[in-house]
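> Mind looking over this structure? Questions follow.
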Amino acid sequence: MNVKRFVKPNVYSLQAYQAKDIPCRVKLDANESPYGFMDAYKAVRSVRTNRYPDPAAQTLKNSVSKEAGMKPGNILQGNGSDELIYYLITTFGGPVLYPVPTFSMYGIITQALGEKKVEVPLDKDFDLDEKGMLMEIRRKKPRLIFLSSPNNPTGNCFSSQTILKIIESTSSTSLVIVDEAYQPFASSKGFIPMLGDYKNLLIMRTLSKMGLAGLRVGFLIADEEVIGHVNKVRLPFNLNALSQAAAIEILKDKKALKKNIRLIVSERGKLFSELSKIAGITPYPSEANFILFGVEDADGVFNGLLKNGVLVRNMKGVGGGCLRVTVGTPDENRIFIRALKLILKNSPLVKADKGG
Ligand SMILES: *Cc1c(COP(=O)(O)O)cnc(C)c1O
Numbered sequence: 486m487n488v489k490r491f492v493k494p495n496v497y498s499l500q501a502y503q504a505k506d507i508p509c510r511v512k513l514d515a516n517e518s519p520y521g522f523m524d525a526y527k528a529v530r531s532v533r534t535n536r537y538p539d540p541a542a543q544t545l546k547n548s549v550s551k552e553a554g555m556k557p558g559n560i561l562q563g564n565g566s567d568e569l570i571y572y573l574i575t576t577f578g579g580p581v582l583y584p585v586p587t588f589s590m591y592g593i594i595t596q597a598l599g600e601k602k603v604e605v606p607l608d609k610d611f612d613l614d615e616k617g618m619l620m621e622i623r624r625k626k627p628r629l630i631f632l633s634s635p636n637n638p639t640g641n642c643f644s645s646q647t648i649l650k651i652i653e654s655t656s657s658t659s660l661v662i663v664d665e666a667y668q669p670f671a672s673s674k675g676f677i678p679m680l681g682d683y684k685n686l687l688i689m690r691t692l693s694k695m696g697l698a699g700l701r702v703g704f705l706i707a708d709e710e711v712i713g714h715v716n717k718v719r720l721p722f723n724l725n726a727l728s729q730a731a732a733i734e735i736l737k738d739k740k741a742l743k744k745n746i747r748l749i750v751s752e753r754g755k756l757f758s759e760l761s762k763i764a765g766i767t768p769y770p771s772e773a774n775f776i777l778f779g780v781e782d783a784d785g786v787f788n789g790l791l792k793n794g795v796l797v798r799n800m801k802g803v804g805g806g807c808l809r810v811t812v813g814t815p816d817e818n819r820i821f822i823r824a825l826k827l828i829l830k831n832s833p834l835v836k837a838d839k840g841g
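In the working numbering, the protein residues as written are 486 to 841.
Quick look at the structure:
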């Protein structure tokens, strides 16, 4: 049997998401937190494995809605925010517009569901190209617009004025999803306070970057009517009982969550200043838990780091060759910087540069 003939063309041409498990000593490739939460284990002990989980994840939604200053009806739970992206595109369809470079799942899921992608390049400062965005919105009439702010992989927040302009100019034509996966690490407040003003504004949050990536817990926060429609395509038991119990427990201790975030933000500052001092490295300012940096020979440096036990993410095609490093523990960051310096010192490219 020729299986190929049975695969839908949009799926056939799709590349599976690259989540390779490369063994390494220092893992700084996936924007995970270096700090986990042992309290999760206490909570899951009372979970009854023979029963289905709460399909509404009510206790968890209550806790999140209180934190966000919203009602539980404004929250939808996802198996990570990845699943919520799937649900949004399933519910509303395309075209789906997003700036590039950005989080790859917007494009992958759009294609998986057979919808049309509209990609608009960011400007030279990695901010939204306001004119270009508004023009493509007029021309392609997207039903959904995804804005990751802070943006992965560039690390910056987009101009809030431009985001607002996009939301206002599409108030009757598009839904605008501001993906705030990294908002806890940013200096600005984010867009949750604006939710009451704009029915077409939706916000995604996740626990993944805050030390709970293994649980797969994300949230959509939006107008109650919007949530109601997306909820119709949600699989009834999408959030398993262990994850619900652990997340409820960990969200009780806001102090511990905040402490970890402060630690990472402070380490990010140190890491940035160390990177800035290295010849041949151009780090970009970050409001997230990672730093993107330009380097002459991105492939060579990536492989060199890996030989030294340090795994980062190779962002091919971004800004003429970039690597993305997650902020780790002080020790992990030191090992990374030491390895990077060593590699660049021995790199013929860098030497050639200096010699002219
Ligand atoms: C990591 C990431 C997510 C994925 O979050 P999950 O909740 O783990 O699915 C969503 N958006 C952006 C921009 C991310 O970088």
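Every residue, glycine too, gets a C-beta built ideally from N, C-alpha and C.
If you're wondering where the values come from, they're calculated on a predicted model, not measured in any experiment.
Kindly indicate which residue of Asn-636, Gly-813 and Met-590 has the alpha-carbon position closest to the one of Ile-574.
The candidate whose alpha carbon is nearest that of Ile-574 is Met-590.
> Between which two residues does the beta strand (DSSP E) harbouring Pro-627 extend?
Segment: none, Pro-627 is in no beta strand (DSSP E) and carries neither H nor E.
> Decide if the segment 544-552 is in contact with the segment 797-807; the criterion is three or more beta carbon pairs, one per stretch, under 8 Å apart.
Contact between the segment 544-552 and the segment 797-807 is absent, because fewer than three Cβ pairs lie under 8 Å.
> Consult DSSP for Val-702 and reduce its assignment to one of helix, strand or coil.
Correct three-state label for Val-702: coil.
> Is Asp-838 helix, strand or coil when you go by DSSP?
In this prediction, Asp-838 scores a pLDDT of 47, lower than 50, which makes its location untrustworthy; the coordinate-derived value is nonetheless stated afterwards. In the structure shown, Asp-838 sits in a helix (DSSP, three-state: H, G or I).
> List the whole-angstrom C-beta distance separating Pro-615 from Leu-582, where the pair is believed to meet the contact cut-off of C-beta under 8 Å.
Note that residue 615 is Glu in the sequence shown here, rather than Pro. That pair is no contact at about 14 Å.
> For Phe-914 and Asn-535, I'd like the C-alpha separation in whole angstroms.
The question about residue 914 has no answer, for the chain in this structure spans 486 to 841.
> Under 5 Å, CB to any heavy atom of ligand 1. Which residues pass, going along the chain?
My final list is Gly-565, Ser-566, Asp-567, Phe-588, Ser-633, Asn-637, Asp-664, Ala-666, Thr-691, Ser-693 and Gly-703.
> Apply the 10 Å Cβ neighbour rule to Gly-841 and answer buried if 16 or more other Cβ atoms are within range, or exposed otherwise.
Any reading at Gly-841 must be qualified, since the residue scores a pLDDT of 35, below 50, and its modelled position is unreliable; no value is offered.
> Between Leu-700 and Leu-742, is the Cβ-Cβ spacing less than 9 Å?
The answer is no: Cβ separation not under 9 Å.
> According to DSSP, is Pro-815 part of a helix, a strand, or is it coil?
Pro-815 falls in the helix class under three-state DSSP.
> Kindly indicate which residue of Lys-830, Ala-764, Glu-752 and Asn-831 has the alpha-carbon position closest to the one of Val-810.
Closest by alpha carbon: Glu-752.
> If you reduce the DSSP assignment to three classes, tell me which class Leu-827 lands in.
Leu-827 falls in the helix class under three-state DSSP.
> Contact between the segment 706-720 and the segment 500-514: three or more CB pairs below 8 Å?
With a cut-off of 8 Å, the segment 500-514 and the segment 706-720 do not count as touching, because too few Cβ pairs lie within range.
> Put Arg-809 into one of helix, strand or coil per three-state DSSP.
The answer is strand: DSSP assigns Arg-809 an E or B state.
> Kindly indicate the opening and closing residues of the alpha helix (DSSP H) around Glu-734.
Note, Glu-734: alpha helix (DSSP H), 726-737.
> Rounded C-beta distance between Ile-560 and Phe-704? I'm assuming under 8 Å.
Confirmed, Cβ separation roughly 6 Å.
> In terms of residues, what are the limits of the beta strand (DSSP E) holding Met-800?
Looking at the DSSP string, the run of the beta strand (DSSP E) that includes Met-800 is 798-800.
> According to the neighbour-count rule (16 or more other Cβ atoms, all chains shown, within 10 Å of its Cβ), is Tyr-769 buried or exposed?
Buried is the call here.
> Per DSSP, Gln-562 is paired with what?
Phe-704, per the DSSP bridge assignment.
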